[in-house]
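Student: So the sequence shown is numbered by my numbering: it starts at 304 and just counts up by one. Note that the Cβ used here is the ideal one computed from N, Cα and C, for glycine as well. Mind having a look at this structure? Questions to follow.
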Amino acid sequence: MDTSRQTEHPRRSQDPQRNGPAPRPAGGLDPDAWEQPSTPARPRPSPRPGLNESPPFEPPISAVGPLFVRRLERIYSWRVTFSVDINSRPTSHILGGYYRSRRLVRIYAHDSKDGRRPLNELFDTFLHEVAHHLEYTEPQSFNSKVCRRVRGRMHSRLFWQILGELKFRWADLQARS
Ligand SMILES: [Zn+2]
Numbered sequence: 304m305d306t307s308r309q310t311e312h313p314r315r316s317q318d319p320q321r322n323g324p325a326p327r328p329a330g331g332l333d334p335d336a337w338e339q340p341s342t343p344a345r346p347r348p349s350p351r352p353g354l355n356e357s358p359p360f361e362p363p364i365s366a367v368g369p370l371f372v373r374r375l376e377r378i379y380s381w382r383v384t385f386s387v388d389i390n391s392r393p394t395s396h397i398l399g400g401y402y403r404s405r406r407l408v409r410i411y412a413h414d415s416k417d418g419r420r421p422l423n424e425l426f427d428t429f430l431h432e433v434a435h436h437l438e439y440t441e442p443q444s445f446n447s448k449v450c451r452r453v454r455g456r457m458h459s460r461l462f463w464q465i466l467g468e469l470k471f472r473w474a475d476l477q478a479r480s
């Protein structure tokens, strides 16, 4: 498995007091593979909904990947195909990863403590990993001749521009429907 080009994304600690130095990754990962994402963590929903709340809709894991691809189709026409793996191995810090050599977007669906992650959180991770894919495969779609990722920094300005565009389009679609 080629891990030298993968980017994996840890969850930002929900307790700012405990934001110590990030643990070092196992050998083979990019040295910056544990960099914190700059998106703030959302509060987690209560694991036991109150009597008046119905639990959020949770499609079976096997349906999540196709669902996310269909959602993406409504907001963006990508040029280079990629695969999606919704992985059910529980993780505590890693939300997902993009494996450049295999053009693989991987999403970890289960938190080792809280169980299955909410669908909107998984979709957020999906868009994040797709933004990595687009930065590598079609930077020209975002007015850049080349991928702007620089060694030692996981997220370039171009990356955030791409992710911002995807999130804007999705929010815009939600607002109109
Ligand atoms: Zn990333």
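What residues are listed by DSSP as bridge partners for Tyr-411?
Tutor: Counting from one through the sequence shown, the residue named residue 411 turns up at place 108. According to DSSP, which records beta bridges pairwise, Tyr-411 is partnered with Asn-390.
Student: Do Ile-410 and Val-383 come within 9 Å of each other at the CB atom, strictly closer than that value?
Tutor: In the sequence shown, counting from the first residue as 1, residue 383 sits at position 80. In the sequence shown, counting from the first residue as 1, residue 410 sits at position 107. In this structure, Ile-410 does not lie closer than 9 Å to Val-383 by Cβ.
Student: Which residues bound the alpha helix (DSSP H) around Tyr-439?
Tutor: Against the sequence shown, residue 439 aligns to sequence position 136. 422 to 440 is the extent of the alpha helix (DSSP H) around Tyr-439.
Student: With 16 other CB atoms within 10 Å as the buried threshold, where does Val-433 fall?
Tutor: Reading the sequence shown from its first residue, position 130 is the one you call residue 433. Classification for Val-433: buried.
Student: Hey, how far is the Cα of Arg-419 from the Cα of Tyr-439?
Tutor: Translated into the one-based positions of the sequence shown, residue 419 becomes position 116. Translated into the one-based positions of the sequence shown, residue 439 becomes position 136. If I take the Cα positions, the gap works out to 30 Å.
Student: Under a Cβ-count criterion, where at least 16 other Cβ atoms within 10 Å of its own Cβ denotes burial, should Asp-417 be classed as buried or exposed?
Tutor: Within the sequence shown, numbered from 1, the residue matching residue 417 stands at position 114. Asp-417 comes out exposed.
Student: Taking just the CA atoms, how far does Arg-454 sit from Ala-485?
Tutor: The displayed coordinates of the chain run from 304 to 480. Any statement about residue 485 would go beyond what the structure contains.
Student: When you compare each of Arg-456, Phe-385 and Thr-394 to Ser-404 by their alpha carbons, which one comes out closest?
Tutor: Walking along the sequence shown from the start, residue 404 turns up at place 101. If we check each option's Cα against that of Ser-404, Phe-385 comes out closest.
Student: Mind checking who Ile-364 pairs with in its DSSP beta bridge?
Tutor: Indexing the sequence shown from 1 puts residue 364 at position 61. Beta-bridge pairing links Ile-364 to no other residue.
Student: Helix, strand or coil: which one does DSSP assign to Arg-419?
Tutor: Within the sequence shown, the letter at position 116 stands for residue 419. Of the three classes helix, strand and coil, the one that applies to Arg-419 here is strand, per DSSP.
Student: Would you give the residue range spanned by the beta strand (DSSP E) that Tyr-401 belongs to?
Tutor: Translated into positions along the sequence shown, residue 401 becomes position 98. Note, Tyr-401: beta strand (DSSP E), 397 to 402.
Student: What are the boundary residues of the alpha helix (DSSP H) that includes Phe-471?
Tutor: Within the sequence shown, residue 471 is the residue found at index 168, counting from 1. Element bounds for Phe-471: 460 to 479.
Student: Is Phe-445 near ligand 1, going by C-beta to nearest heavy atom under 8 Å?
Tutor: As a position in the sequence shown, residue 445 is number 142, starting the count at 1. Flag unset: Cβ of Phe-445 not near ligand 1.
Student: Return the residue from the list Arg-373, Ile-364 and Ala-478 that minimises the CA-CA distance to Leu-430.
Tutor: Here residue 430 refers to the residue found at position 127 of the sequence shown. Taking only the C-alpha atoms, the option nearest Leu-430 is Arg-373.
Student: Cutting at 6 Å between CB atoms, please list the residues of its own chain near Leu-375, excluding the five before and the five after it.
Tutor: The residue given as residue 375 occupies position 72 in the sequence shown. Same-chain partners within the cutoff: there are none.
Student: Here's a check: name, in chain order, each residue in its chain whose Cβ is nearer than 6 Å to the Cβ of Leu-437, leaving out the five neighbours to either side.
Tutor: Position 134 of the sequence shown, counted from the start, is the residue given in the question as residue 437. Result list for Leu-437: Ile-465, in chain order.
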